[in-house]
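Enquirer: If you're matching them up, the sequences are chains A and B in order. Using my numbering, you'd call the opening residue of the first sequence number 346 and step up by one each time. Using my numbering, you'd call the opening residue of the second sequence number 346 and step up by one each time.
Protein chains: 2
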Amino acid sequence: MALAHAIMTALIEDDLSGYELSRDFETSLGFFWNASHQQIYQELRKLAEKGWLNKREVNQSGKPNKIVYGLTMAGRDALQAWVFGTTRTQAAKDELLVKLYNLDATNVSHLATEISRRREDMMKLLYLYETIRRRHYADTANLPVRRKGVYLALAYGISQGEHFLAWCDQALELLAGVESA
Amino acid sequence: MALAHAIMTALIEDDLSGYELSRDFETSLGFFWNASHQQIYQELRKLAEKGWLNKREVNQSGKPNKIVYGLTMAGRDALQAWVFGTTRTQAAKDELLVKLYNLDATNVSHLATEISRRREDMMKLLYLYETIRRRHYADTANLPVRRKGVYLALAYGISQGEHFLAWCDQALELLAGVESA
DNA sequence: AACAAATATGCAACCTTTTGCATAAAGGCG
DNA sequence: CGCCTTTATGCAAAAGGTTGCATATTTGTT
Numbered sequence: 346m347a348l349a350h351a352i353m354t355a356l357i358e359d360d361l362s363g364y365e366l367s368r369d370f371e372t373s374l375g376f377f378w379n380a381s382h383q384q385i386y387q388e389l390r391k392l393a394e395k396g397w398l399n400k401r402e403v404n405q406s407g408k409p410n411k412i413v414y415g416l417t418m419a420g421r422d423a424l425q426a427w428v429f430g431t432t433r434t435q436a437a438k439d440e441l442l443v444k445l446y447n448l449d450a451t452n453v454s455h456l457a458t459e460i461s462r463r464r465e466d467m468m469k470l471l472y473l474y475e476t477i478r479r480r481h482y483a484d485t486a487n488l489p490v491r492r493k494g495v496y497l498a499l500a501y502g503i504s505q506g507e508h509f510l511a512w513c514d515q516a517l518e519l520l521a522g523v524e525s526a
Numbered sequence: 346m347a348l349a350h351a352i353m354t355a356l357i358e359d360d361l362s363g364y365e366l367s368r369d370f371e372t373s374l375g376f377f378w379n380a381s382h383q384q385i386y387q388e389l390r391k392l393a394e395k396g397w398l399n400k401r402e403v404n405q406s407g408k409p410n411k412i413v414y415g416l417t418m419a420g421r422d423a424l425q426a427w428v429f430g431t432t433r434t435q436a437a438k439d440e441l442l443v444k445l446y447n448l449d450a451t452n453v454s455h456l457a458t459e460i461s462r463r464r465e466d467m468m469k470l471l472y473l474y475e476t477i478r479r480r481h482y483a484d485t486a487n488l489p490v491r492r493k494g495v496y497l498a499l500a501y502g503i504s505q506g507e508h509f510l511a512w513c514d515q516a517l518e519l520l521a522g523v524e525s526a
């Protein structure tokens, strides 16, 4: 039930609508726990039924009205209980690495292209990470406690991303050798 | 349909039974695409029905009989077609990082313990990776082409794993500071 | 008035994955 | 003989996730 808890995590400091949550996920929690808007809306209703979230409709001018959700006390308790529970390691599933097991003379250039594409995607993501870090997490030592946790998650993303780039370079070099052989 | 293709990938060089595949996944392809035996057996039957695998029963003495699967020509073609298709990036889903967004004075020592546990797990995995690398991929330059691809996947696992350890150390240091504050 | 874009929420079908259970053959041990 | 372990295969229910579609409001543009 990690999606439920990811959503509640996003609501710790602010009450948000499904649309806003969906947006926020793209530039924060979604780095570490992805969710489509369909999933989010459905889960929000379930959590409200369970009593872990409260909902209220907010009338807006200039935009359609929205339904804003906030954590209840029961929700906060459930969230803390989850933090203290056992954490499961999600095994990485990466098609690209499985495809590399299929490397041969016919597909080497295609796989090199795919790695280049992934390298570019990661560059963009790293740029986003770095922007966020500079804007919100520059003064690491003086961050409030919870934000230090968020900072660590971001640091994880940056570290893994940077070394992914290095691996891409190594892989592309090796594949170039195979191609020209 | 990546599981289907991961299974076919595991059958490129050898015909294997579901049990053997399940075993092999734990020390090779499973690093990058996990699968339970329930999933594997079911998928094997589907692939055989589709004509991508052939099956034959093998009588064994000293053990129960087994059903061995091998790639058909159609299966090899489908596998190559998949390699050339678009590759999707599987977003990382990691509960531990979501939990870090919940960092506060009450859970900081628990989260530090969780990170330590993950660090130990990664140490064990890295030891396994390194053993495999030394045993089978030491002479990188002279590997056959396909094995160079497998080597790159392994190198990916080792690189990401090593830097995960470094991140754990950084995180534990920061959390120790929070705890004593 | 027609149309596009952003905001906002949702249904339903399908596919994938997890979980728990079930079965059976063969060998080793007490 | 009874029991445990390894080898070997499978069913079925539930949970989780993806894909495609559907709808409505409001503002801004042509």
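Think of the CB as a built atom: it goes at the ideal place given N, C-alpha and C, for glycine as much as any other residue.
(1) Taking the alpha-carbon of Q425 of chain A as reference, which of A:A526, A:A351, A:A521 and A:A500 has the nearest alpha-carbon?
(2) Helix, strand or coil: how does DSSP classify E371 of chain A here?
(3) Between which two residues does the beta strand (DSSP E) harbouring E402 of chain B extend?
(4) Relative to the alpha-carbon of G420 of chain A, which residue among A:N410, A:I357, A:E371 and A:L374 has its alpha-carbon at the smallest distance?
(5) Which whole-angstrom value is the C-beta distance of G324 of chain A and D466 of chain A, which I expect to be below 8 Å?
(6) Could you check where the alpha helix (DSSP H) with Y501 of chain A kicks off and where it finishes?
(7) In angstroms with no decimal places, state the Cα-to-Cα distance between L389 of chain B and Q383 of chain A.
(8) For G528 of chain B, collect the residues of the same chain with a Cβ closer than 8 Å to its Cβ; drop the 5 residues on either side in sequence, then sort them by chain order.
(9) Can you list, in chain order, the residues of its chain with a C-beta nearer than 6 Å to that of D413 of chain B? Leave out the 5 residues immediately preceding and following it.
(10) To be precise: take each residue of the region 434 to 457 of chain B, compare its Cβ to all Cβ atoms of chain A, and keep it if any distance is under 9 Å. Which residues remain?
(11) Quick one: is the Cβ of L398 of chain A within less than 7 Å of any heavy atom of the ligand SAM?
(12) Let me know if K408 of chain A comes out buried or exposed under the rule of 16 or more other beta-carbons within 10 Å of its beta-carbon.
(13) Count the other C-beta atoms from every protein chain shown that fall within 10 angstroms of the C-beta of A450 of chain A, then say buried if there are 16 or more, exposed otherwise.
(14) Give the single residue among B:I503, B:E518, B:S406 and B:K493 whose Cα lies nearest to the Cα of E518 of chain A.
(15) Of all the options B:F370, B:F509 and B:Q515, which has the alpha carbon lying nearest to the alpha carbon of L348 of chain B?
(16) How would you write the range of the alpha helix (DSSP H) that G430 of chain B sits in, first residue to last?
(17) So, for L448 of chain A: in the same chain, excluding its five sequence neighbours on each side, which residues have a beta-carbon less than 7 Å away from its beta-carbon?
Expert: In terms of the structure at hand:
(1) Along the first sequence, one-based indexing puts residue 425 of chain A at 80. The alpha carbon of Q425 of chain A has as its nearest neighbour, out of A:A526, A:A351, A:A521 and A:A500, the alpha carbon of A:A351.
(2) For the purposes of this step, residue 371 of chain A is taken as the residue at position 26 of the first sequence. Reduced to three states, the DSSP call for E371 of chain A is helix.
(3) The residue labelled residue 402 of chain B in the question sits at position 57 within the second sequence. E402 of chain B -> beta strand (DSSP E) spans L398 to V403.
(4) Here residue 420 of chain A refers to the residue found at position 75 of the first sequence. Looking at the Cα atoms, A:I357 is the closest of the given residues.
(5) Missing from the structure shown is residue 324 of chain A; chain A here goes from 346 to 526 and no further.
(6) For the purposes of this step, residue 501 of chain A is identified with residue 156 of the first sequence, where counting begins at 1. According to the DSSP assignment, Y501 of chain A belongs to the alpha helix (DSSP H) that extends over V490 to S525.
(7) Position 44 of the second sequence, counted from the first residue, corresponds to residue 389 of chain B. Position 38 of the first sequence, counted from the first residue, corresponds to residue 383 of chain A. So the alpha carbons of these two residues sit roughly 32 Å apart.
(8) Not covered by the structure: residue 528 of chain B. The range shown for chain B is 346 to 526.
(9) Taking the second sequence and counting its residues from 1, the one referred to as residue 413 of chain B is at position 68. First, the residue type needs correcting, since residue 413 of chain B is Val and not Asp in the sequence shown. D360, S362, R401 and V403, listed in sequence order.
(10) Cβ proximity to chain A below 9 Å picks out T434, Q435, A436, A437, K438, D439, E440, L441, L442, V443, K444, L445, Y446, N447, L448, D449, A450, T451, N452, V453, H455 and L456 from the region 434 to 457 of chain B.
(11) As far as ligands go, the structure on display features none, and thus does not contain the ligand SAM.
(12) Stepping through the first sequence from its first residue, residue 408 of chain A is reached at position 63. Under a 10 Å Cβ-count criterion, K408 of chain A is classified as exposed, with fewer than 16 other Cβ atoms of the shown protein chains found around its own Cβ.
(13) Against the first sequence, residue 450 of chain A aligns to sequence position 105. Exposed, since its Cβ has fewer than 16 Cβ neighbours within 10 Å.
(14) Looking up residue 518 of chain A in the first sequence gives position 173. Residue B:K493 is the option with its Cα nearest to E518 of chain A.
(15) By 1-based counting over the second sequence, the position of residue 348 of chain B is 3. Looking only at B:F370, B:F509 and B:Q515, the smallest Cα-Cα distance to L348 of chain B is reached by B:F370.
(16) Residue 430 of chain B sits at position 85 when you count from the first residue of the second sequence. For G430 of chain B, no alpha helix (DSSP H) encloses it, and the DSSP letter there is neither H nor E.
(17) Taking the first residue of the first sequence as position 1, residue 448 of chain A is located at position 103. For L448 of chain A, same chain residues with a beta-carbon under 7 Å away, outside a window of 5 residues either side, are L456 in chain order.
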